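Please read the structure below before turning to the comments.
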Amino acid sequence: MTKDKKLTPEELVKSFKNEFKSNIKDAIIKKRAAGSKKNETPSIWMKVDKSVFKDVVKHLCEIQFPHLSIASGNDLGRNIELIYHFTVNYGSRMKEINFNISVDLPKSKPEIDTICDLIPGALITEREKMEMLGVKIIGIPDDKRCFLSDDIPKGVYPWRRDETGADKLYKNLHGGKK
Amino acid sequence: MRFSMLPAVFAQMFKKPWTNKFPAKYAPANTTQFLADVDEGIAEIIPPVPTPNGFRGKIKYDKVKCNGCQLCIKVCPCEAIEFKKKEKKIKIYIARCCFCSQCNDICPVNCLTMSDEFLLADTDPYSKDLIVE
Amino acid sequence: MNQEATTKTSYQIPIGPIHPALKEPVHFEFEISGERIVDVSVKLGHVHRGIEWASRKRNPIQILYLAERICGICSYCHPAAFALAVETAADIQIPERAEYLRVIQGELERITSHILWAGVAAHEIGFDTVLYLTWQIRERALDLTEYLTGNRVTKGIMTIGGIRRDITKDMLPRVKKDLQYFKDNFEKLCHIFLDDKTVGMRSQGAGILTKKDALKLCAVGPTARASGVKKDVRVDTSYFAYGDLNLKYITPDDLTGNVNGDVYDRIIQRLLEIDQSIDLIEQCIDKMPSGDIVAEPDIQKLLNQLKKVKGEGVGRHEAPRGEVIHYVKFDGKSDSPYTWKVRAPTYNNILPWIPMLIGEQIADIPIVAASTDPCMSCTNRVAIVSDGRKYELTKEQLHKLSVEKTRRLMK
Ligand code: SF4
Ligand code: SF4
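Residue numbers (the numbering used here), protein chains in the order written: chain A, 970 to 1147; chain B, 12 to 144; chain C, 3 to 413.
Take a look at the structure:
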């Protein structure tokens, strides 16, 4: 399933830029050294347009089957940002690249395609994004709640920072609004 | 080998148990009575395993040295420290403290230290033993 | 509609939220046909504590201790990953000595955790003498932890930009003595787990996770490696001092020559990793340079510096159970991070349970579920519901079933 092609971070970014042109909005390569020998670990932060997100993941799977660590999310006010933390090139000493693909979704219509058909391991993290950030994942095989209990009302998304956040549920906790 | 644990089990028969039997060889039926007996000298407590150097136990507070800068309150992860406005001193609720010793590290005059006292169980979180001021 | 379609051929067994073999609540629904499991579904979140919300009111130094309390056994890994993420976001360089000390603490935690797991696994198949032996060894590991960090479980050793306690010259003899003790007992443990028939009988061929499934379901840590996936954050990337050290991927074929991906392989995998960890600590002690142990000793200054940071960072660390990853974003406006996302290794190792459990027997649930070393909490009862009648199976009974199976096999 995995092809044994190990791309450098620069080649990886270039390959995506060639394929998706202006739909790749931003791509930064950061390197961080550690230890006495100062060996570096590269990470790529890439922002893609919502319309091509699924194809980007497909393209990545074609280059090499990635490991999806997690998808995290930010509520940026008008938008919801999802960041998918992939890693590629695992399996050889110090060659791994952290590959973070982020995508902005407008809060008025937070919808994105599922990637479960490409990477089945994405199921739990996608279900988490659904309940925590209120993102609609189109085509997800299982849309039951995974982490939140059933007595939490619909339309409350704990990770949001606006009125749909869970602040009103916290009133009985220490430090919550009384 | 089929029963590879047997040698270890036989060897154990001639060894002392690993467990330190604190506070008594057999759990006392009545702890209060047991403690009263200890006070009177009838019973004896088997001491706990000594703590190593640098153990983080109950906080000690040197009130005189404290200058009321409130830095410890800023870093305390458990909100265990309260500021007494009038005196400009602090009050630590040990029941909330998680013994991280972060307040010790930040205190500019080093008036907080960690002692090796760890037997702090109590039924009342506000008991005298659990408040340091 | 014919007769067969209306007759129910399979039953549902809900297990959990309070659950055997697991240390935290999780809910399973097993579809069983006779003794065989045909389908599994999982529900999580019974102990969701809203830690990420709690972080919104705390500064990074306070969050370190919040992260420490995500898990009692991985109480070093979470602060480590968090500190890595913050250091990446704020671009703080860590002194070299601290990098080595961080490795030592991380590996010590791995030894403690894997030995604990070996005991739990033995207990699940009814081999309790091994449980006592392993926990005796673990006691030594905990004592060493207490000696090096100041507490047995919540170590409080990590800080942003370095580490809080040094290992001085006069502490080394004790560390070396204990390492020697681990090595001697490691031989003993290997002998028991690899040569004793009891263990082999119950674990060989049970709970198989193929390499393909492990890759597809994004399994991490020993669970993935036992299926032959070469994935280990320590080897894959360079963080802490792991980049300087001599280490390689460990998979069960190093010892047995082939990979089956069953429970037995996961046992071998963890045993081999204990050996690797001892070796890594020794390497660190030899190679450790002298110098500072923390980049910015003044915490007040550090906090002010972090307050101005604007940016995001990811920290990944190989915890005993696999990769833990923390994502942190600072907006430069407040003391506390804007977003903090934690992903513990078990999160990714939940989906692999499904292929592992399908086709197994009910008596195998404890050992198969325990074989991924899940980080959830221990439990009391399983209810078997069939035809509206309800039987309850307590943890003791389920455990008994498991022990009986071992007895049966021994005859
Ligand atoms: S030791 Fe930690 S928790 Fe306890 S008072 Fe000090 S800072 Fe707070
Ligand atoms: S940091 Fe030290 S000096 Fe300042 S208030 Fe706390 S105890 Fe007093």
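We put the beta carbon where it would ideally sit given N, CA and C, even for glycine. Nothing here was measured: the structure is a model prediction, and the numbers come from that model.
Of the residues the options, the one placed nearest residue i, counting alpha carbons only
i	options	result
GLU101/C	GLU189/C, ILE169/C and ARG323/C	ILE169/C
ASN248/C	ASP366/C, ILE94/C, ILE113/C and ILE280/C	ILE280/C
ARG272/C	ILE252/C, CYS76/C, ILE287/C and VAL261/C	ILE252/C
PHE129/B	LYS96/B, CYS89/B and CYS109/B	CYS109/B
LYS233/C	LEU976/A, ASP995/A, ASP1024/A and THR1056/A	THR1056/A
GLN95/C	GLY108/C, CYS79/C, SER43/C and GLY163/C	GLY163/C
GLU2/C	LYS190/C, ASP333/C and ARG140/C	Lying outside 3 to 413, the shown extent of chain C, residue 2/C is not represented and no answer is given.
ARG236/C	ARG1062/A, LEU1087/A and GLU1097/A	ARG1062/A
MET435/C	ILE117/B, CYS111/B and GLY65/B	Nothing in the structure corresponds to residue 435/C, since chain C is present only between 3 and 413.
LYS76/B	VAL20/B, PRO59/B and LYS99/B	LYS99/B
ALA1040/A	HIS328/C, SER373/C and LEU196/C	HIS328/C
ILE270/C	SER240/C, GLY202/C, ALA87/C and ASP288/C	GLY202/C
LYS1105/A	SER991/A, GLY1090/A and LEU1051/A	LEU1051/A
TRP137/C	THR147/C, LEU118/C and GLY152/C	LEU118/C
Close Cβ partners of residue i (< 7 Å) along its chain, the five nearest in sequence each way excluded
i	result
PRO978/A	ILE998, PRO1011, ILE1013 and ILE1066
ALA91/C	VAL311, GLY313, GLU314, GLY315, VAL330 and PHE332
HIS1036/A	PHE1055, THR1056 and TYR1059
THR134/B	none
HIS125/C	LEU133
Local conformation of residue i per DSSP, three classes
i	result
ALA1002/A	strand
TYR241/C	coil
ARG38/C	strand
MET378/C	At MET378/C the pLDDT is 42, less than 50, meaning the model places this residue with poor confidence and gives no usable figure here.
ARG272/C	helix
SER57/C	helix
TRP1014/A	strand
GLY1145/A	Because GLY1145/A sits at a pLDDT of 45, beneath the cut-off of 50, its placement in the model cannot be relied upon, and the point is left open.
ILE17/C	strand
PRO1122/A	coil
ASN31/B	coil
LYS289/C	helix
SER279/C	helix
ASP389/C	Bear in mind that a pLDDT of 32 at ASP389/C, under 50, signals an unreliable position, so the model cannot answer this.
LEU1074/A	strand
GLY52/B	coil
SER126/B	coil
LEU219/C	coil
SER138/B	coil
ASP255/C	helix
MET16/B	coil
GLU1097/A	helix
PHE25/B	coil
ASN1043/A	strand
Neighbourhood of residue i by C-beta distance below 6 Å, restricted to the same chain and skipping five residues each side
i	result
MET1015/A	ALA996 and ILE1070
ASP255/C	VAL261
GLU988/A	HIS1028
SER43/C	GLU31
GLN107/C	TYR78 and ILE159
GLY230/C	LYS213, THR253 and VAL261
HIS319/C	CYS79, ALA82, ALA83 and VAL326
GLY207/C	ASP264
Residues bridged to residue i [DSSP beta-bridge criterion]
i	result
ARG1/C	What the structure shows of chain C is the stretch from 3 to 413, and residue 1/C is not part of that stretch, so it cannot be assessed.
LYS45/C	HIS29/C
HIS50/C	Paired residue(s): none; HIS50/C is not in a bridge.
ASN1069/A	TRP1014/A and HIS1054/A
GLN363/C	ARG38/C
HIS1036/A	THR1056/A
VAL143/B	ILE103/B
ASP234/C	Paired residues: none, contrary to the question.
Close-in-space but distant-in-sequence residues of the same chain around residue i (CB under 8 Å, 5 per side omitted)
i	result
GLU980/A	none
Residues of the segment 151 to 163 of chain C with Cβ closer than 9 Å to any Cβ of chain B, in chain order: THR151, GLY152, ASN153, THR156, GLY158 and THR161
Residues of the segment 110 to 123 of chain B whose Cβ lies closer than 7 Å to any Cβ of chain C, in chain order: PHE110, CYS111, SER112, GLN113, ASP116 and ILE117
If the cut-off is 7 Å on Cβ atoms, which residues from the segment 61 to 79 of chain B count as contacting chain C, listed in chain order? PRO63, GLY65, PHE66 and ARG67
Note down, in chain order, all residues in the segment 53 to 70 of chain C with a beta-carbon under 9 Å from any beta-carbon belonging to chain B. ARG60, ASN61, ILE63, GLN64, ILE65, LEU66, TYR67, LEU68 and GLU70
Going along the segment 42 to 54 of chain B in order, which residues come within less than 7 Å of chain C, judged by CB to CB distance? none
Can you give me, in chain order, the residues of the segment 16 to 39 of chain B that have a beta carbon less than 7 Å from any beta carbon in chain C? MET16, ALA19, VAL20 and TRP29
Looking at chain C, which residues of the segment 1024 to 1038 of chain A have a Cβ within less than 7 Å of any of its Cβ atoms? PHE1034, HIS1036, LEU1037 and SER1038
Using Cβ-Cβ distances below 8 Å, what residues of the segment 1068 to 1093 of chain A are close to chain C? ASN1069, ILE1088, PRO1089, GLY1090, ALA1091, LEU1092 and ILE1093
Which of the residues in the segment 316 to 343 of chain C, read from start to end, lie with their CB under 8 Å from any CB of chain A? VAL316, ARG318, GLU325, ILE327, TYR329, LYS331, TYR340, THR341 and LYS343
Members of the segment 198 to 212 of chain C near chain B, C-beta cut-off 7 Å: ASP198 and LYS199
When you check each C-beta in the segment 122 to 133 of chain C against every C-beta of chain B, which residues fall closer than 9 Å? PHE129, THR131 and VAL132
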